[in-house]
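Peer 1: Below is a structure I'd like to ask you about.
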Amino acid sequence: MKKAWWKEAIVYQIYPRSFCDSNGDGIGDLNGITSKLDYLKELGIDVIWLSPVYKSPNDDNGYDISDYEAIMTEFGNMDDFDKMLSEAHKRGIKIVMDLVVNHTSDEHPWFVESRSSKDNPKRDYYIWKEGKNGKEPNNWGSAFSGPAWKYDEKTDMYYLHLFSTKQPDLNWENQKVRKEVFDMMTRWCKKGIDGFRMDVISLISKPEGFPDAKVVGLYGDMNICANGPKVHDYLKEMNQKVLSKFDIMTVGETAGVTLDEAKRYANSEGSELNMVFQFEHMNLDSGEKFKWSTKHIPLVPLKENLTKWQLGLDDVAWNSLYFCNHDQPRIVSRLGDDSDEFRELSAKCIATCLHMMQGTPYVYQGEELGMTNTVFNSVDDFRDLESVNAYRELIESGLYTKEDMFPKIAHKSRDNARTPMPWDTSENAGFTTGIPWLALNPNYNKINVADQLKREDSVFHYYQKLIKLRKEYEIIVYGKYELLLPDDEHIFAYVRTLGNQKLLVVCNFSKTEQKFDFSGYENAKVLISNYDGNISEKATLKPYSAIALLLDNAQKM
Ligand code: GLC
Ligand code: CA
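Count along the sequence shown from 1, add 374, and you get the number used in my numbering.
Spelled out as structure tokens, the structure:
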């Protein structure tokens, strides 16, 4: 298998708004990030993926950009950015920028011009259509509720917005749009950034003729735009004109990606992107019609799914390994057990299971502390437009009662991931001296950085160890993967193989004891475990126990 630095790297995602506030306005900022780089260095990560920091009216917290080459006022300015970048580089940490180019903000000058008249030179930068019988051009729904089209009185036409009405979709068919995007990317690369995480990049090529889509929930499924007819052409062009000219890392956020499509996006010839984020494993706890539910992620389907991706991309493409990001509720509450008794154990179990697989691991801020979902007392506690809109729409439509909907939204809301980073036990957890833009998770007295840095057995130190192991043992990065016990409902076990070495990973995803046969591994070395004790004792797996064992056959003989 071809080696590459980005295959061996560990990425840490920062959601700047919630990471660290340096000036007391309640909003995290770039100087806050710079002040915490030593913390990240201690954790051992190599790359930061920075959620958007560009100028934005913040309808979707920066995923609605009004200037790709200016910094969001609340986050600081370009000097602060340059300082953060050089301080990161000094510590050997790379910075990957979020690239949001499926859409801009409706306040971006391109859109302001585009909407001004039908013959404006920028009209065709966006997707404008005539209505059909006084209604939207087709039945597509927006990811943030309501139709994906907004009527604009000025020119009596509709524009497409797969996300909020303030996030009009760019028209990638227009080569001027592509040129603007590629030139902007080139300028960022020349500035010295180390890569791009490409927001919903699978959606940039819309299906020909804009046909109605199959209705899921209330509207036609906007995923009809996923992996569209020209998406691979556009990415190849981007690769030729920009990516191939720099030593950078690229990861595509690819809603609706299938295994076959992923093999194209992340092909090992390197003609498009380095890797993609797939969503199948994150959809396993969805409700029947929507993502909203109070379900737990079921283990057998999870094993089946992750195994499919491990085997499917081996040698031909490259996986991203993630359970958490700013769009996903906290994994300990979804897959582990967030009670006091099992929170740390299950966080370590989940981490072991993910970090010993093949792919590039992503750690989302607070995941390394085993952070949990937060507590919402009323609808007014939500800040995320997705949650607020869905709550209103699904109750108004009569599909759910308030009583039904509240626990679902509380469990799956993206705000669960966005509560400010708990640094210590002082007021507002050391995140801000002001009023935080989103309430802290009330458990910050129990879960915070200061406490975990002090405790040798903390989740933080466990992540630190996992990260270190990946750098010491090639088998963790490059080894082949094989699933054991596919039907076992409690144990997630697999073997990695490289040359003469075997790595056995056994995780008990339940709060009861389980049996496991370790024969053949009696002489193996314990690389990591969340319990003490030797292997023979481990034949009985304790609740949420996890262990990784290395067997070197060459050594034994
Ligand atoms: C991606 C982002 C998400 C954002 C959406 C629209 O899914 O991760 O946070 O709301 O795209 O840009
Ligand atoms: Ca601030």
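Just so you know, even glycine gets a beta-carbon here, dropped at the ideal spot from N, CA and C.
I need the DSSP call for His864, collapsed to helix, strand or coil.
Peer 2: Here His864 sits in coil by DSSP.
Peer 1: Using a threshold of 7 Å, is the CB atom of Val474 nearer than that to any non-hydrogen atom of ligand 1?
Peer 2: Indeed, a heavy atom of ligand 1 lies less than 7 Å from the Cβ.
Peer 1: Rounded to the nearest angstrom, what separates Phe393 and Asp586 at their Cα positions?
Peer 2: Distance between the alpha carbons of Phe393 and Asp586 is about 41 Å.
Peer 1: Taking 6 Å as the limit between beta carbons, can you name the residues of its chain near Asp595, skipping five residues before and five after?
Peer 2: Cβ neighbours of Asp595 beyond the five flanking positions: Ala587, Lys588.
Peer 1: If you measure from each residue's Cβ to the nearest non-hydrogen atom of ligand 2, which ones come out under 5 Å, in chain order?
Peer 2: After applying the 5 Å Cβ criterion, the set is Asp395, Asn397, Asp399, Ile401, Asp403.
Peer 1: Using a 10 Å radius around the Cβ and a threshold of 16 neighbouring Cβ atoms, would you call Ser425 buried or exposed?
Peer 2: Ser425 comes out buried.
Peer 1: What residues come near ligand 1, if near means a beta carbon less than 5 Å from any of its heavy atoms?
Peer 2: In chain order, the hits are Asp434, Tyr437, Phe537, Asp573, Val574, Asp701.
Peer 1: Decide if the segment 441–452 is in contact with the segment 574–582; the criterion is three or more beta carbon pairs, one per stretch, under 8 Å apart.
Peer 2: Output reads no: the segment 574–582 does not touch the segment 441–452.
Peer 1: Please report how far the alpha carbon of Asn512 lies from the alpha carbon of Arg489, in whole angstroms.
Peer 2: The alpha-carbon atoms of Asn512 and Arg489 are separated by roughly 20 Å.
Peer 1: Please classify Thr914: does DSSP put it in a helix, a strand, or coil?
Peer 2: Residue state, collapsed to three classes: strand.
Peer 1: Along the chain, where does the beta strand (DSSP E) that runs through Arg571 open and close?
Peer 2: Arg571 -> beta strand (DSSP E) spans 569–572.
Peer 1: Considering only C-alpha positions, which residue in the set Ser884, Asp441, Lys377 is nearest to His670?
Peer 2: His670 has its Cα closest to that of Ser884, out of Ser884, Asp441, Lys377.
Peer 1: State the DSSP-derived secondary structure class of Lys698, mapped to helix, strand or coil.
Peer 2: Correcting the residue identity first, residue 698 is Cys in this sequence and not Lys. It is coil, neither helix nor strand.
Peer 1: Identify the continuous beta strand (DSSP E) that holds Cys881 and give its terminal residues.
Peer 2: Cys881 -> beta strand (DSSP E) spans 875–882.
Peer 1: On the three-state DSSP scale, how would you describe Ile783?
Peer 2: Here Ile783 sits in helix by DSSP.
Peer 1: Quick one: is Tyr525 buried, meaning 16 or more other Cβ sit within 10 Å of its Cβ, or exposed?
Peer 2: Classification for Tyr525: exposed.
Peer 1: When you compare only the Cα positions, how much space is there between Glu527 and Val590?
Peer 2: Going by the C-alpha atoms only, they are around 29 Å apart.
Peer 1: When you compare the segment 454–464 with the segment 609–625, are there three or more beta-carbon pairs, one atom per stretch, that lie closer than 8 Å?
Peer 2: Because the criterion of three Cβ pairs below 8 Å is not met, the segment 454–464 and the segment 609–625 do not touch.
Peer 1: Between which two residues does the beta strand (DSSP E) harbouring Glu856 extend?
Peer 2: Looking at the DSSP string, the run of the beta strand (DSSP E) that includes Glu856 is 854–858.
Peer 1: Can you round the beta-carbon distance between Ser787 and Asp754 to whole angstroms, since I take them to be within the 8 Å contact cut?
Peer 2: Rounded, the Cβ-Cβ distance is 13 Å, inconsistent with contact.
Peer 1: Starting from Met531, follow its DSSP beta bridges and name the residues at the other end.
Peer 2: Partner(s): Asp526.
Peer 1: Along the chain, where does the alpha helix (DSSP H) that runs through Thr560 open and close?
Peer 2: Residues 549–565.
Peer 1: In chain order, what residues of the same chain have a beta carbon less than 6 Å from the beta carbon of Tyr836, not counting five sequence neighbours either side?
Peer 2: Within the same chain, Tyr836 has close Cβ partners Lys722.
Peer 1: Which same chain residues end up closer than 6 Å to Ile865 when comparing Cβ atoms and leaving out the 5 residues on each side of it in sequence?
Peer 2: Leu859, Asn882, Gln888.
Peer 1: Can you give, in chain order, each stretch of the beta strand (DSSP E) that sits fully within the segment 599–645 and has at least 3 residues?
Peer 2: Whole beta strand (DSSP E) segments, 3+ residues: 623–627.
Peer 1: Using 8 Å as the limit for Cβ to Cβ distance, is Ser713 near chain D?
Peer 2: The chain labelled as chain D is not found in the depicted structure, where only one protein chain is given.
Peer 1: At what residue ranges does the segment 736–765 contain a whole run of the alpha helix (DSSP H), taking only runs of 4 or more?
Peer 2: Taking only runs of at least 4 residues, no alpha helix (DSSP H) segment lies wholly in the segment 736–765.
Peer 1: Work out the CA separation of Asp891 and Val605 for me, nearest whole Å.
Peer 2: Approximately 47 Å between the Cα atoms of the pair.
Peer 1: Alpha carbon to alpha carbon, how far is Ile769 from Phe556? Give it in angstroms, no decimals.
Peer 2: Looking at the two C-alpha atoms, the distance is approximately 42 Å.
Peer 1: Span of the alpha helix (DSSP H) holding Phe485?
Peer 2: 483–490 is the span of the alpha helix (DSSP H), which, as asked, contains Phe485.
Peer 1: Whole angstroms are fine: how far does the CA of Leu840 sit from the CA of Arg940?
Peer 2: Any answer about residue 940 is impossible in this case: the structure gives the chain only from 375 up to 931.
Peer 1: For Thr734, which option in Phe697, Gly710, Arg704 has the closest C-alpha, if you only look at C-alpha atoms?
Peer 2: The candidate whose alpha carbon is nearest that of Thr734 is Phe697.
Peer 1: Below 8 Å on the Cβ atoms is my guess for Thr807 versus Gly398; work out the distance and round it to an integer in Å.
Peer 2: Yes, Thr807 and Gly398 are in contact; Cβ-Cβ is about 4 Å, under 8 Å.
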